[in-house]
Amino acid sequence: MEIRSLEVVPVAHREPPLRNSWGAHSELAARTLVRVETADGLVGVGETYGDDQVITALEGATDLVEGMNAYERTPLRLRLQDEMAYGAIETALLDVVGKATGQPVHALLGGKVRDEVEFSAYLFYKYADSDPETAAICPREVLSPDAMVEQARQFVDKHGFEVLKLKGGVLDPDTELRTLERLAEEFGRRCPLRIDPNGAWSVETATRIAKRLRKMDVTVEFLEDPVPSMHAHARLKRNVDYPIATNMFVTEFDDIATAVELNSIDVILSDHHYWGGPSGNMDLDHTVRTFDLGVGMHSNSHLGVSMATMSHVAAAMPTLRYACDTHYPWISDDVIEGSPIEISDGFVDVPDEPGLGVDLDDERVEEMHETWKESETLGYSSVGSMAAEYADAMADRGDWLPNKPRW
Ligand code: MG
Numbered sequence: 258m259e260i261r262s263l264e265v266v267p268v269a270h271r272e273p274p275l276r277n278s279w280g281a282h283s284e285l286a287a288r289t290l291v292r293v294e295t296a297d298g299l300v301g302v303g304e305t306y307g308d309d310q311v312i313t314a315l316e317g318a319t320d321l322v323e324g325m326n327a328y329e330r331t332p333l334r335l336r337l338q339d340e341m342a343y344g345a346i347e348t349a350l351l352d353v354v355g356k357a358t359g360q361p362v363h364a365l366l367g368g369k370v371r372d373e374v375e376f377s378a379y380l381f382y383k384y385a386d387s388d389p390e391t392a393a394i395c396p397r398e399v400l401s402p403d404a405m406v407e408q409a410r411q412f413v414d415k416h417g418f419e420v421l422k423l424k425g426g427v428l429d430p431d432t433e434l435r436t437l438e439r440l441a442e443e444f445g446r447r448c449p450l451r452i453d454p455n456g457a458w459s460v461e462t463a464t465r466i467a468k469r470l471r472k473m474d475v476t477v478e479f480l481e482d483p484v485p486s487m488h489a490h491a492r493l494k495r496n497v498d499y500p501i502a503t504n505m506f507v508t509e510f511d512d513i514a515t516a517v518e519l520n521s522i523d524v525i526l527s528d529h530h531y532w533g534g535p536s537g538n539m540d541l542d543h544t545v546r547t548f549d550l551g552v553g554m555h556s557n558s559h560l561g562v563s564m565a566t567m568s569h570v571a572a573a574m575p576t577l578r579y580a581c582d583t584h585y586p587w588i589s590d591d592v593i594e595g596s597p598i599e600i601s602d603g604f605v606d607v608p609d610e611p612g613l614g615v616d617l618d619d620e621r622v623e624e625m626h627e628t629w630k631e632s633e634t635l636g637y638s639s640v641g642s643m644a645a646e647y648a649d650a651m652a653d654r655g656d657w658l659p660n661k662p663r664w
């Protein structure tokens, strides 16, 4: 099945001013869509990050993709030598192969092992949205434990989430600990909680916090990237018995060997955007099983094509046993028809239609592409821009740096 064309379409979407240990999200974020078309006129789509580097890599792949056989993905992966660009293209190729064969993407990945995929509520400290009317959820400022409980209540009431993940590394660790305590008081002591300080804590601080958590009657599934390096996690694991998860220090297959040698990580967070596409994610699932590690799923700010892809991939991963992360409930713009994909009782029904089971809304894509063209600051494209955004927005924090560990 010959691919006749590859189209790369950057788009911009609104995003709330969410906080993390690097700074703050801009209120406008970029994503990149890819669209492949076969000689027979079938169209497949993929979505990835929106930074200039990946756009350049995707545009540079045009000659390799045009004229290729949609089934022959491995030679493309080897020729590209760019896992992120490959991830977006592979997604589009699987979508188009699925449409051609009448099979959903999860079937092309080996078959689904679950009919619905669980997602966690992704809770963020944040500033107030500048345009509350356009917010999908929680437009107000959230910079205290009680305000976070209100935010979580909205997530649970709207989508039925049963697992709560707190983006940490923003307020001092004792306030974030108090936030977890308040969440447990509100949603039950057995409600699974996670905290992800993105490496903002020292080993000593993370050890102290973990020991305090053990004394509290709360259920913690894992600590995600509490400290700022692979070696720091190895030191931390000698002190604490909570599982340690990462999406920061194990981001490619070579890193797994180091993580196993150092015994620094228990759970690797997969991501089809950079682990070699959906099929690379399946490779990761098989590899973690070899080492008796766990696997979850990481999320970066994303639109509906990625949400559908994540659901197909998660459905096909036998080792996955944690609710997946997603930013999807935060966004109010989307590029797919019939948006948003429904999250009900914390779960997404896995699509069984051919391919990804989603279609681009061409009008919205064009509008969001125009927004991208007109915008100079597409903040959440890199960690550097998040720090700059935070420093710019906060006049009294002009000298702020994303220094780690901070506490
Ligand atoms: Mg993380």
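Just so we're aligned, residue 258 is where the sequence shown starts under my numbering, counting upward by one. All residues carry an ideal CB built from backbone N, CA and C; glycine is no exception. Quick caveat, the model's predicted, so the values are computed rather than measured.
Kindly say whether Leu-337, judged by its beta-carbon, lies nearer than 8 Å to any beta-carbon of chain E.
Here there is only one protein chain, and chain E is not present.
What number of angstroms, rounded off, separates the C-alpha of Glu-481 from the C-alpha of Lys-630?
Taking the first residue of the sequence shown as 1, we reach residue 481 at position 224. Taking the first residue of the sequence shown as 1, we reach residue 630 at position 373. The straight-line gap from Cα to Cα measures roughly 35 Å.
Extent of the continuous beta strand (DSSP E) run through Thr-381:
As a first step, residue 381 is located in the sequence shown; it is residue number 124 there, counting from the start. It should be noted that the sequence gives Phe, not Thr, for residue 381. Where Phe-381 is concerned, the enclosing beta strand (DSSP E) stretches over 378–381.
So, with DSSP's three-state summary, where would you put Leu-437?
Along the sequence shown, read from residue 1 onward, the residue named residue 437 stands at position 180. DSSP places Leu-437 in helix when its eight states are reduced to three.
Is there contact here, the region 589–599 with the region 554–568, by at least three beta-carbon pairs under 8 Å?
yes
Which ranges does the beta strand (DSSP E) cover as unbroken runs of at least 3 residues, wholly within the region 383–463, from first to last along the chain?
421–424, 449–453
Closer than 7 Å to a non-hydrogen atom of the ligand MG - does that hold for the CB of Glu-224?
Given a span of 258 to 664 for the chain in the structure shown, any question on residue 224 remains unanswerable.
Check whether the Cβ of His-555 sits closer than 7 Å to any heavy atom of the ligand MG, and report yes or no.
Residue 555 sits at position 298 when you count from the first residue of the sequence shown. Flag set: Cβ of His-555 near the ligand MG.
Is Asp-512 near the ligand MG - that is, is its Cβ less than 7 Å away from at least one heavy atom of it?
Walking along the sequence shown from the start, residue 512 turns up at place 255. Because no heavy atom of the ligand MG lies under 7 Å away, the Cβ of Asp-512 does not count as near it: no.
Round the Cβ separation of Asp-352 and Val-311 to the nearest angstrom and send it over; I've been treating them as touching at under 8 Å.
Position 95 of the sequence shown holds residue 352. Position 54 of the sequence shown holds residue 311. Going by Cβ atoms, the distance from Asp-352 to Val-311 rounds to 18 Å, so no, they are not a contact pair.
Taking the alpha carbon of Thr-464 as the point to measure from, which residue in Leu-434, Pro-449, Leu-440 has its own alpha carbon closest?
Here residue 464 refers to the residue found at position 207 when the sequence shown is read from its first residue. With distances taken between Cα atoms, Thr-464 lies closest to Leu-434.
Would you kindly check if the distance between the Cβ of Ala-345 and the Cβ of Arg-292 is under 8 Å?
On the sequence shown, residue 292 is found 35 positions in, with the first residue counted as 1. On the sequence shown, residue 345 is found 88 positions in, with the first residue counted as 1. Cβ atoms of Arg-292 and Ala-345: not closer than 8 Å.
What is the DSSP secondary structure of Phe-548, counted as helix, strand or coil?
In the sequence shown, counting from the first residue as 1, residue 548 sits at position 291. Phe-548 falls in the coil class under three-state DSSP.
At a cut-off of 7 Å, is Asp-528 close to the ligand MG when judged by its beta-carbon and the heavy atoms of the ligand?
The count along the sequence shown starts at 1 and reaches residue 528 at position 271. Incorrect: Asp-528 has no Cβ contact closer than 7 Å to the ligand MG.
Selected residue, minimal CA-CA separation from His-584, among Ile-394, Glu-259, Glu-323, Leu-335
Translated into the one-based positions of the sequence shown, residue 584 becomes position 327. Considering only alpha carbons, the answer is Ile-394.
So Ala-327 is in the alpha helix (DSSP H); what residue range does that whole segment cover?
As a first step, residue 327 is located in the sequence shown; it is residue number 70 there, counting from the start. Unbroken run through Ala-327: none, as it is neither H nor E.
The region 563–573 touching the region 535–550, judged by at least three CB pairs closer than 8 Å:
yes
Rounded straight-line distance, which links the Cα of Arg-546 to that of Glu-294
Taking the first residue of the sequence shown as position 1, residue 294 is located at position 37. Taking the first residue of the sequence shown as position 1, residue 546 is located at position 289. The straight-line gap from Cα to Cα measures roughly 36 Å.
If you measure from the CB of Asn-455, is any heavy atom of the ligand MG nearer than 7 Å?
To locate residue 455, count along the sequence shown from 1; it is residue 198. It does: the Cβ of Asn-455 is within 7 Å (strictly closer) of some heavy atom of the ligand MG.
Counting pairs of beta carbons, one from the region 414–427 and one from the region 275–285, are three or more of them closer than 8 Å?
yes
Inter-residue spacing [alpha-carbon to alpha-carbon] between Ala-652 and Pro-659:
Within the sequence shown, numbered from 1, the residue matching residue 652 stands at position 395. Within the sequence shown, numbered from 1, the residue matching residue 659 stands at position 402. In this predicted model, Ala-652 has a pLDDT of only 48, less than 50, meaning its place in the structure is not dependable; the value taken from the coordinates is given anyway. Distance between the alpha carbons of Ala-652 and Pro-659 is about 16 Å.
At a cut of 8 Å, does the region 416–424 reach the region 368–384 through at least three beta carbon pairs?
yes
Within 7 Å: the Cβ of Asn-504 and any heavy atom of the ligand MG?
By one-based count along the sequence shown, residue 504 stands at place 247. Checking every heavy atom of the ligand MG against the Cβ of Asn-504, one is found closer than 7 Å.
In terms of residue numbering, what span does the beta strand (DSSP E) encompassing Val-562 cover?
Residue numbering aside, residue 562 sits at position 305 when the sequence shown is read from its first letter. Not the beta strand (DSSP E): Val-562 falls in the alpha helix (DSSP H), residues 561–573.
Pairwise C-alpha distance: Met-258 and Asn-455:
By 1-based counting over the sequence shown, the position of residue 455 is 198. By 1-based counting over the sequence shown, the position of residue 258 is 1. Cα-Cα distance, rounded: 43 Å.
Alpha carbon of Arg-397 to alpha carbon of Ala-314, nearest angstrom:
The residue labelled residue 397 in the question sits at position 140 within the sequence shown. The residue labelled residue 314 in the question sits at position 57 within the sequence shown. Approximately 38 Å, taken between the alpha carbons.
State the Cα-Cα distance for the pair Leu-423 and Lys-383, rounded to the nearest angstrom.
Residue 423 sits at position 166 when you count from the first residue of the sequence shown. Residue 383 sits at position 126 when you count from the first residue of the sequence shown. Using only the alpha carbons, I get a separation of about 12 Å.
Are the beta-carbon atoms of Gly-551 and Val-517 separated by less than 8 Å?
To locate residue 551, count along the sequence shown from 1; it is residue 294. To locate residue 517, count along the sequence shown from 1; it is residue 260. No.
When the Cα of Val-268 is compared with those of Thr-544, Asp-308, Ser-486, which residue comes out closest?
Along the sequence shown, read from residue 1 onward, the residue named residue 268 stands at position 11. When each option's Cα is compared against that of Val-268, the closest is Asp-308.
Buried or exposed (CB count within 10 angstroms, at least 16 for buried), Arg-230
Here the chain has residues from 258 to 664 only, and residue 230 is not among them.
When the Cα atoms are used, what is the spatial distance from Arg-261 to Gly-324?
To locate residue 261, count along the sequence shown from 1; it is residue 4. To locate residue 324, count along the sequence shown from 1; it is residue 67. Between Arg-261 and Gly-324, the C-alpha separation is close to 6 Å.
With which residues is Ala-502 paired in a DSSP beta bridge?
Taking the first residue of the sequence shown as 1, we reach residue 502 at position 245. In DSSP, Ala-502 forms a bridge with Glu-481, Val-524.
Compare the C-alpha of Ala-514 against each of Lys-494, Thr-544, Val-622 and name the closest.
Residue numbering aside, residue 514 sits at position 257 when the sequence shown is read from its first letter. Nearest C-alpha to Ala-514: Thr-544.
Judging by CA-CA distance, which residue of His-529, Pro-586, Pro-611, Thr-305 is the nearest neighbour of Ser-601?
Residue mapping note: residue 601 aligns to position 344 of the sequence shown, counting from 1. Ser-601 has its Cα closest to that of Pro-586, out of His-529, Pro-586, Pro-611, Thr-305.
Report the three-state DSSP secondary structure of Ala-652 (helix, strand or coil).
On the sequence shown, residue 652 is found 395 positions in, with the first residue counted as 1. With a pLDDT of only 48 at Ala-652, under 50, the local geometry of the prediction cannot be trusted, and the value read off the model is given with reservation. The answer is helix: DSSP assigns Ala-652 an H, G or I state.
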